[in-house]
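There are 2 protein chains.
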Amino acid sequence: MATNGASVNGNAAKPSGKKFDPTFTQRVIDATGPKATPRIRQVMGSAIQHIHDWARENEITVDEWMAGVDMINKAGQMSDEKRNEGQLLCDVLGLESLVDEITYKLATDAKDQPTATAILGPFYRHDAPKRAMGDTIVFGIENGDDALMFGQVTDFKTGKPVEGAVLDVWHTAPNGLYEQQDPDQPDFNLRGRFTTGPDGKYNFYCLRPTSYPIPYDGPAGKLLQLLDRHPFRPAHIHFIVSAPGYKPIVTQIFDRRDKYITNDSVFAVKDDLVVDFVPRKGDPKAQFELAYDFKLASYDDA
Amino acid sequence: MATNGASVNGNAAKPSGKKFDPTFTQRVIDATGPKATPRIRQVMGSAIQHIHDWARENEITVDEWMAGVDMINKAGQMSDEKRNEGQLLCDVLGLESLVDEITYKLATDAKDQPTATAILGPFYRHDAPKRAMGDTIVFGIENGDDALMFGQVTDFKTGKPVEGAVLDVWHTAPNGLYEQQDPDQPDFNLRGRFTTGPDGKYNFYCLRPTSYPIPYDGPAGKLLQLLDRHPFRPAHIHFIVSAPGYKPIVTQIFDRRDKYITNDSVFAVKDDLVVDFVPRKGDPKAQFELAYDFKLASYDDA
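From first to last, the protein sequence lines stand for chains R and V.
Residue numbers for the first sequence follow the UniProt record's numbering, so the first one is 1 and each next one is one higher.
Residue numbers for the second sequence follow the UniProt record's numbering, so the first one is 1 and each next one is one higher.
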């Protein structure tokens, strides 16, 4: 029969007081080779420690872990150019909002700060149409609340207008769907890019946005069900604002009157990004208006 | 311009001494609803805490997090009935071996223990052919070291033989590939199920196994490269041993003379599972032999 003379892993010497092998995690971390970068060594070493601590503290069983692997594999299988379910899973756990906060804080230690950031979300599309200032991004939608959004892009230090700033904007239709989720909307509907002139000012027509559920048919929806949570996001409009010489900002603005404003399913709301739509008079093209300025940080300020 | 009167998230009151919002993680955890099961509440609450702590401690940026999401999505996309890349990623981080240890310890607090367990690994297939005792599982392979493996399945408490125990066995060919990875091998090669009679004894012909690299062409391989680690597993044979009335065990046995015995890329080696193949004389069908007994725990012992 098999006999085991010398200990291969040193397990024979493990303290009997510990429930689980106390040398295991360090052995996994120490397997990292000398050519790993310092950043990989730090980030992955810490990840291994946290994952193992989590498994031990909660006594995760093989069946539970397999259910998790299954969820992650399914997330990948659902993901394609139009959908990022892995990202959505992270969003539901607050991770994208947290790394957004971390990245923003690392970039801006100054007291006076540029416009706050928010998560990109999984529905951004590159190459939205370039549109003329004052145009609309709304096509073929009858049941929306039309709104004029306007404001100025300024240098957050000098307060001066930023010329050539590009506002890349996107939001959902009143049915809660982005155009790539909805075969009834024209391609790139409710998306557009607007470029400022010398005064830094912008204005365009959009819709007062609508709260909507994040996609509920995959692992992220399953996770929300398990957590007994709703899938709704408060009404918001996405922006990426960029300009030559300035750090681009990825952000969202949120409608204060939305019922989900205090319990966003992906935890992206920040106070600075909560806005008030107000009634607009004498404009047959819009019942609401919203004024909002964007403040950009120059690369020179870094 | 947008003004923000009342604080939506209570962020206005956050202590200035903290670098990142100290209320954020608890808000995400507290979003869990009243109908979540106690186990989900515990496991996911702890997961959120660890993931957030990891992100803050290492100041994970959006770009780094996106690289991680990409890796996870790719793992899912590579996974199918024949391949489980999500599992392989976990294996590389030692997680499968750890949950295996946890599950085993939870099941067996007794001093005298049944056969130790090891990870299932991503290459198990259901419904391997049933074979007669004494048969071989090796077909069409010329360059292997043939071995006879034999032993007995017993009740770990009474020591009595277990009748009707099924040994489900699988290992790689000398080229390091399981049959489903290798179009040149017959379907279900190097796999078989053997059922014990009243004496609990078993014997069958297999190969003395070969060390091999885990698949290196996906996210798990990429992670190993980033960590400057080799992909090799020490030579081993997989087993699931089950019998009516007994807890099934999932395990592997490892060849002591393998050069990777102390640095398995998926950290599955346990001292109790390290075995010695010895030369076999007078058998034209095998140059090596291996004796190994399996001890099963009855459900009655739980």
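All residues carry an ideal CB built from backbone N, CA and C; glycine is no exception.
- Unbroken alpha helix (DSSP H) stretches of 4 residues or longer found wholly inside the stretch 85 to 121 of chain V: 85 to 92, 95 to 107, given in chain order.
- In the three-state DSSP reduction, residue 152 of chain V falls in the strand class (E or B).
- Within the stretch 195 to 280 of chain V, the runs of beta strand (DSSP E) at least 3 residues long that lie entirely inside it are, in chain order, 201 to 207, 236 to 242, 249 to 255.
- A direct Cα-Cα distance of roughly 10 Å separates residue 105 of chain R from residue 59 of chain V.
- Within its own chain, the residues whose Cβ lies closer than 6 Å to the Cβ of residue 195 of chain R, once the five positions on either side in sequence are excluded, are 166, listed in chain order.
- For residue 46 of chain R, DSSP records no beta bridge to any residue.
- By the criterion of a C-beta distance shorter than 6 Å, residue 170 of chain R is surrounded in its chain by 191, 238, once the five residues flanking it on both sides are discounted.
- Judged by beta-carbon spacing, residue 146 of chain R lies within the 8 Å limit of residue 285 of chain R, meaning their Cβ atoms are closer than that value.
- In the structure shown, the three-state DSSP call for residue 135 of chain R is coil.
- When C-beta atoms of the stretch 217 to 237 of chain R are compared with those of the stretch 45 to 56 of chain R, fewer than three pairs fall below 8 Å, so the two segments do not count as touching.
- Around the CB of residue 103 of chain V, 16 or more other CB atoms lie within 10 Å, so the residue is classed as buried.
- Within its own chain, no residue has a Cβ closer than 6 Å to the Cβ of residue 27 of chain R once the five positions on either side in sequence are excluded.
- Collapsing the DSSP output to three states places residue 187 of chain V in coil.
- For residue 24 of chain R, the three-state secondary structure derived from DSSP is helix.
- Taken through DSSP and simplified to helix, strand or coil, residue 70 of chain R comes out as helix.
- Excluding its 5 nearest sequence neighbours in each direction, residue 220 of chain R has C-beta neighbours in its own chain below 7 Å: 85, 88, 89, 92, 214, listed in chain order.
- Under the three-state reduction of DSSP output, residue 147 of chain V falls in the strand class.
- Take the alpha-carbon of residue 44 of chain R and the one of residue 33 of chain R: they are about 12 Å apart.
- Buried is the label assigned to residue 236 of chain V, since at least 16 other Cβ atoms lie within 10 Å of its Cβ.
- Within chain R, no residue has its CB atom less than 7 Å from the CB of residue 180 of chain V, the nearest being about 17 Å off.
- For a cut-off of 8 Å, the C-beta gap from residue 242 of chain V to residue 76 of chain R is around 31 Å, too long to register as a contact.
- Counting only residues of its own chain and dropping the five nearest sequence neighbours on each side, residue 218 of chain V has a CB closer than 8 Å to the CB of 74, 75, 78, 85, 88.
- Shown here for residue 216 of chain R: same chain residues with a beta carbon closer than 6 Å to its own, the five before and five after excluded, namely 231 in chain order.
- In the three-state reduction of the DSSP assignment, residue 161 of chain V falls in the strand class, which pools E and B.
- Where residue 82 of chain V is concerned, there is no enclosing beta strand (DSSP E), because DSSP gives it neither an H nor an E.
- Under the criterion of beta carbons closer than 8 Å, residue 131 of chain V and residue 208 of chain V do not qualify as touching, at roughly 19 Å.
- Counting along the chain, residue 295 of chain V sits inside the beta strand (DSSP E) bounded by residues 294 to 296.
- The way I'd put it, the stretch 292 to 301 of chain R does touch the stretch 245 to 252 of chain R; three or more beta-carbon pairs between them come closer than 8 Å.
- Assigned with DSSP and collapsed to three states, residue 179 of chain V falls in helix.
- Counting along the chain, no beta strand (DSSP E) covers residue 123 of chain V, and no H or E run does either.
- Ranking R/254, R/288, R/289 by CA distance to the CA of residue 274 of chain R puts R/254 first.
- Here the alpha carbons of residue 82 of chain R and residue 181 of chain R stand approximately 8 Å from one another.
- Residue 141 of chain R and residue 224 of chain V have their C-alpha atoms some 50 Å from each other.
- A Cβ-Cβ distance of about 6 Å is found for the pair residue 137 of chain R and residue 204 of chain R, placing them in contact under the 8 Å criterion.
- Between residue 189 of chain V and residue 139 of chain V, the C-beta gap is smaller than 8 Å, which places the two residues in contact.
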